[in-house]
Amino acid sequence: MLTLFYILSAITLGTAFLTIFSKNPIHSAIYLVLCFFSIAGHYLMFNAQFLAIVHIIVYSGAIMILMLFTIMLMNLNKEGEKSKNAWSQIAAVISFCLLALVLLATFIKAQQPEYNYATKGADFQSIKVLGQVLLNDYMVPFEFASVLLLVSMIGAVLLSKKEHINN
Amino acid sequence: MENILEQIGIDNYIYLSTLLFCVGAFGVLYRRNAIVMFMSIEIMLNAVNLLLVAFSTYHQDAAGQVFVFFSMAVAAAEVAVGLAILVAVYRNIKNIDIDNLKKLKG
Amino acid sequence: MDTNLALLLLLAPLAGFLLNIFIGKKLSGNVSGILGSVAVAVSFAVTLKFFLQVNGGGEPINVNLFKWMTLANFDVNFAFQLDQLSLLWLMFVTGIGTLIHIYSISYMHGDENIHKYFGYLNLFVFFMITLVMGSNLLIMFIGWEGVGLCSYLLIGFWYKNHDFNDAAKKAFIMNRIGDLGFLIGIFIIGYLFHSVDYIDIKNAITSGNLDIDMTWLGIATLCLFIGACGKSAQIPLYTWLPDAMAGPTPVSALIHAATMVTAGIFMITRLNFLFDLTPDVQNIIAIVGAFTSLIAASIGLAQNDIKKVLAYSTVSQLGLMFLALGLGAYHVAVFHVITHAFFKACLFLGSGSVIHAMHGEQDMRYMGGLRKVMGVTFITFLISTLAISGLPPFSGFFSKDEILMTAFHHNKVLWVVGSIASIMTAFYMFRLLYLTFYKDFRGTEEQKKHLHESPSLITFPLIVLAILALVGGAISLPGHSWLNEYLSPILTNHIEHHELGTTAYMLMGIAIIGALIGIGIAYFKYIKQGFVPGKDEEITGFSKVLYNKFYVDEIYTAIIVKPIYALGAFFKNVTEVAFSGFIFGLGRLANALSTQGKVIQNGSIGFYLLVFVLGICSIIAYIFLK
Amino acid sequence: MDVSFILIILLFGAVATYFVGDKWASKAALIFSTCAFAATLYVIYRYNMGEKVSYLQTWMSRPRIVIGLQADGMSLLMLLLTTALTPIIVLTSFGNLFPKSRSFYALILFMAFAMAGTFLAVDGLLYYIFWELSLIPIYFIALIWGSGEAERRKKDVVKFFIYTFAGSLFMLVAFIYLYTKTGSFLNLHLYNAKLTDTEQLWIFLGFFLAYAIKIPIIPFHTWQANVYQKAPAAGTMLLSGIMLKMALYSIIRWQLPIAPKAAHDYKYIFIALCVAGVIYGSILALKQTNLKKLLAYSSLAHVGLIAAGAYTLTIDGLRGAFVQMIAHGFVVVGLFYAAEIISRRYKTEEIAEMGGIRIQSAKFASMFMILVMASVALPGTFNFIGEFELLYSLAQANIWLAVLGGTTIILGAFYMLRMFQQVMLGDKGTKVFKDVTFGEGFTFVLIIAVLLFFGLYPRPITDFVTPSLQKVLVYINQIN
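Residue numbers (our numbering), protein chains in the order written: chain Y, 4 to 170; chain R, 696 to 801; chain U, 9 to 634; chain B, 2 to 481.
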């Protein structure tokens, strides 16, 4: 299993980097889809099948398609982007290193987790259980999430509508 | 059912998520294309989601996974609105290079 | 009964003032005049009643109205006190006041604001009575400042002329300098004695067990003396009095000769028990008095304005009174105040009569020969001049001689100074007399045609005052002095009796000879030689210095007024700008900081993100990696 | 009926005045302010009968803020000053035809409300709210209805606003610090706060900055003359007659009892600063060519003396300060009104362009003369009582301070008489001065009557305020 984890992790990080370094946004998007799939693989390793499915549907299916459409809509599928100036790139690299250093240092410095992992034995992540938790304990946030989605849909429609300034 | 973490260890997931998050942040800083920056943000969100699921398993508690659902919902909403804004911006200045969006200065 | 009468005495002039101010405009000038005169005459009548009562051995009258102020150390009552000293003062204040009111009816006839004139004059009498009657220093201070206000109003009575207004303003401000001294004196006395009542202070002192800091007491009496200097026109605050002659002549007679300017002497006599405790201050008073007397007399030698001469003569006589006060001879000073009130009022009113006849001309160079036309005025004027020159048997002789005799016994230098001043007085007074009444008329033909003796309303007060100037000395004859006995309850120190021995007669002789020398020189110069002072620009040498009053006004302007204005200009142009600039500078600093801060807000999202990430890094590092 | 009722009348009056419309606004304002005055008299009567007229009501429990309106001698006296001057100030505006007059009169009443609240508040934060609230109406009054070129006026008024506002923030900081120490804003709790010497000094300075700007004490006075000149007469009267008294009152109510040790330790510095202001203001007044500016600087000198008296920490100084606050309030309103009448008729504020008024209106000249004499503290006027007590308290601190402070007697006479001469006296010029109307004369008579009556019989005021001053003085002298 550990081997699998390492392979998946390598894919995840690698495609993430490729997403960033690809000149062409389309390529970026494709690498990102790969990245999401690898994350879904992680979810499957956790035995969270439902989440993995949802993840693939939402991210790879919905979000990334949306992005690809946008890219195509804007006709950005070429490598025309000017790269940032050298100072900005250096600054980005430095802050990346710094952030990684700080976060890793924090986690390393933090108290080590216990390794005798509890196994309740009870099912906690099947669709049935998740559904119960979601609609019993988290009923109100769930409804709010739906409202949020509705609002964002309306907002997106309004924003992308063509404005007639000179009427 | 045996716990997957017994074989891999929670700390590996922590490091993975951290790195993934940093990569996302790096992407935001490194690129000027707004859409790629959005993708980087998605990477960061996913890093967090991954960690949430890992801890959900660690604690054997469904709440973490529920939270990931919400996070996904928010991400979807965010992308929808964000892309709409980008489209609007693109209509006005004909590109989405964030270095050109400097009107909001003091 | 006594309380009501005392209030009547006080409030009658106030009622006159209110009536004249509020309904006077509807009355004719004569009615206002009569109203004003009656108001003061009522006061005089009441005063006379009390005076006879107290002189016959009655108790002083005390009137306590209400508690006025409460301070941490002492209370101040609104209270009045009618004892020997205040009644004596009231006698001549209201007496001469009545005469001058009567005189004014004719003198001010036809002035458009005559009702206001009488109103102000009544108000003055009211404040003067308050000053004299008050039973503590603060009530006296009400009167003290009140008479200053009336003086201001009356000097500037003809307010269309800005020179007169300047004179009025100068009088008020000079007085205020003294008033500040007075106020500080009151503070110290209140603090030391826990009271400002005369009786309380006197009791505290006479009780014997006085436990106060003598240095502070000295400062207090010195401050009070500064107050007296302001009101009674002593060096260095005397310059307002000659300028005050801008007012109508009866005002000069009443306020600036007979009554208000003697307030300083009244105050010091009133507080004789305090001044007796501070001999150093007494010495200062004596020296200041003597030199004021000398300097004012010497300036008087060269003046050509008839009223100015009289004004400097007043300053000089006041100086003599202060000399007496400084020597501890309060009764002598009071004696001279009274005789001086008679003859100086008479002189001023006489000069008023002359000015009236001359249609406002005050310069002696354009007078002369008036003796023939103005017989009554001349005779009364002559009597008063003889009195002020100190010739027997006129009243001035007795009082002035007493002062000089006291000075001789204490300090020969002061005696010499006083004597020289007296000789000068005799000279310039006769110079005045000769220039005005003798020889031929030097004015215009137009003026000559209108020369006339003044009406009886003017001559009547002159005659009364001349008689008083003639016989006034009787109240304190050498050897037997009614005044000394009368005042003895007021004065704590025993009155010195100078033996009528050889020294006394010798001193009298010297005084008479001195006066005669002065008169002789005047006679020689102005009658024999027929000298008439030249035009202003012809005056040269030392007499020019004298004519210009030693340039004291100019010096004061240069060393006090100008620097204050310069300081004002400095404040206005430098410090105000600096303060204001500092505040604006703070504003500009904030502005500049925000301009600099704006650079950070450059609109670049990448930069914001970078700062954002770095910020998160530092926060995490701060929280977890301390 | 307690003191909150008066505040309600004023606030309701402000709203009602706004809604009755431009035509009736001035009358409505007069009626409501007079009602407030009558109510104040009734409250004082009840207070003298020993009945309870304070108002306490918890507003928030966390942080603990109380709507507390205190009624003791000090606050009731200042309340009386406010409600007595407000109708007079409304009366003085009758002759002016303002645009948008309903807003103008509503703002006057609102300002009276805020100032009355400041005088009454017992809770520090409430006090601070009222304190700042009073700044808003005067800002608009000066900005909208002021005189002179709009740009310059805006600059001066905004400067005034920011300046006083910034100063007050230091006071707020002091209050918040005190809250962290005591857990309360109530003044009695603050009086008893155990503070170290250093804390006391900083708190003292925080208060001082707020008050020194408002009073103003040099060198914080630079806003004053310009605003007094530019504001409409009613605004100037509100500012000089009542608003700066807020700061003087607050010195005695808040600053001194909260930080008594600092007050005792550094009192000579502050007295010296105030006395320097007296001389500085007097000398500057001599150089002014603008009538309103001259009065502004004379006001600077007088309030400097009041503040100096308060900082002497003696009963005489505190009482003198209160007496002089009342007296100065009336005198300065009268003088500014006179200046307003002159400038209304002559269309100028330059002294050099005036003159010859006495010959045309003797009545006006006499009333102006009385006000001038009151201003220079002639005995018999109310100002004399105040100035006497203040100078006496200075003499207790140090005789030289009294001498220096006393120069106001001389210099005051100097510049006031000089001004009087140039403005009123002299021969008739070309300009026509209409005689005062009945309304104008009536206003003057009201003011003069107050000044003369209390000048002769000040005890209703002094006896009323003394007991509460003694109570405060206990806290001031409580140095541990």
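We treat Cβ as the ideally placed atom computed from N, Cα and C, and that holds for glycine. Being a predicted model, the structure only gives us computed values, none of them experimental.
Under the assumption that residue i contacts residue j (Cβ atoms under 8 Å), give the Cβ distance between them as a whole number of angstroms.
i        : j        : result
Val155/U : Ser94/U  : Not confirmed; about 15 Å, so no contact.
Gly166/B : Ile142/B : The sequence shown places Phe at residue 166/B, rather than the Gly named in the question. Contact doesn't hold; Cβ gap of about 16 Å is too wide.
Ile736/R : Met77/Y  : Rounded, the Cβ-Cβ distance is 18 Å, inconsistent with contact.
Ala6/U   : Ser430/U : Not covered by the structure: residue 6/U. The range shown for chain U is 9 to 634.
Phe468/U : Ser407/U : Between Ser407/U and Phe468/U the Cβ distance is about 25 Å, and since that is not below 8 Å, they are no contact.
Ser240/U : Ile273/U : 6 Å
Phe180/U : Ala414/B : 6 Å
For residue i, count the other beta carbons within 10 Å of its own beta carbon; 16 or more makes it buried, fewer makes it exposed. Which is it?
i        : result
Asp126/Y : exposed
Trp76/U  : buried
Phe721/R : buried
Asp91/U  : buried
Leu153/Y : exposed
Leu137/Y : buried
Ala103/Y : buried
Val433/B : exposed
Pro401/U : exposed
Glu410/U : buried
Ser488/B : For chain B, the structure presents residues 2 to 481; residue 488/B sits outside this window and is missing.
Asn170/Y : With a pLDDT of 48 at Asn170/Y, under the threshold of 50, the modelled position of that residue is not reliable, and the figure given next carries that caveat. With fewer than 16 Cβ atoms within 10 Å of its Cβ, Asn170/Y is classed as exposed.
Where do the N-terminal and C-terminal ends of the beta strand (DSSP E) with residue i fall, by residue?
i        : result
Tyr446/U : That residue, Tyr446/U, is in no beta strand (DSSP E); it is neither H nor E in DSSP.
Tyr56/B  : 56–62
Asn70/U  : 69–78
Asn787/R : Here Asn787/R belongs to no beta strand (DSSP E); instead the alpha helix (DSSP H) covers 758–788.
Ile68/B  : 65–70
Among the options, whose alpha-carbon lies nearest the alpha-carbon of residue i?
i        : options                                : result
Asp205/U : Asn144/U, Gly238/U, Gly235/U, Ser240/U : Asn144/U
Phe233/U : Asp251/U, Arg278/U, Tyr199/U, Val619/U : Arg278/U
Leu473/U : Gly593/U, Phe350/U, Thr511/U, Asn217/U : Phe350/U
Leu301/B : His329/B, Tyr164/B, Val433/B           : His329/B
Phe465/B : Ala39/B, Gly51/B, Gly118/B, Tyr229/B   : Gly51/B
Asn283/U : Ala261/U, Ile213/U, Ser260/U           : Per the sequence shown, the amino acid found at residue 283/U is Phe instead of Asn. Per the Cα distances, Ile213/U.
Ile307/B : Met326/B, Val446/B, Leu134/B           : Met326/B
Val723/R : Asn27/Y, Leu37/Y, Thr22/Y, Leu16/Y     : Thr22/Y
Ala768/R : Leu161/Y, Ser155/Y, Ser163/Y, Ala55/Y  : Ser155/Y
Asn70/U  : Ser36/U, Leu129/U, Ala228/U, Met9/U    : Met9/U
Just reading off the alpha helix (DSSP H) that residue i is part of, what are its end residues?
i        : result
Val553/U : 549–555
Leu21/Y  : 5–24
Would you say residue i faces chain D, with C-beta separation under 7 Å as the test?
i       : result
Thr22/Y : Included in the structure are the protein chains Y, R, U and B, with no chain D among them.
Checklist entry - Is the segment 277–288 of chain B in contact with the segment 339–356 of chain B, if contact means three or more CB pairs nearer than 8 Å? => result no
Next on the checklist: So, does the segment 234–245 of chain U touch the segment 106–125 of chain U, judging by three or more C-beta pairs under 8 Å?
Outcome noted: no
Checklist entry - Can at least three beta-carbon pairs, one atom from the segment 197–213 of chain B and one from the segment 86–98 of chain B, be found at a separation below 8 Å? => result no
Checklist entry - At a cut of 8 Å, does the segment 328–340 of chain B reach the segment 364–382 of chain B through at least three beta carbon pairs? => result yes
Checklist entry - Do three or more CB pairs link the segment 33–45 of chain U to the segment 54–68 of chain U at distances below 8 Å? => result no
Item to check | Contact the segment 308–315 of chain U vs the segment 370–378 of chain U: 3+ CB pairs below 8 Å | outcome: yes
Checklist entry - Does the pairing of the segment 93–102 of chain B with the segment 42–50 of chain B give three or more beta-carbon distances under 8 Å? => result no
Item to check | Cβ pair count under 8 Å reaching 3, the segment 162–171 of chain U against the segment 208–225 of chain U | outcome: no
Checklist entry - Is it true that the segment 50–58 of chain Y meets the segment 90–106 of chain Y, where meeting means three or more beta-carbon pairs spaced less than 8 Å apart? => result no
Next on the checklist: Whether or not the segment 215–233 of chain B and the segment 157–164 of chain B are in contact is what I'm after, with contact meaning three or more pairs of Cβ atoms, one per stretch, closer than 8 Å; do they touch?
Outcome noted: yes
Checklist entry - Is the segment 386–400 of chain U close to the segment 510–528 of chain U, with three or more CB pairs under 8 Å? => result yes
Item to check | Touching by the beta-carbon criterion (3+ pairs, under 8 Å), the segment 440–460 of chain B and the segment 382–395 of chain B | outcome: yes
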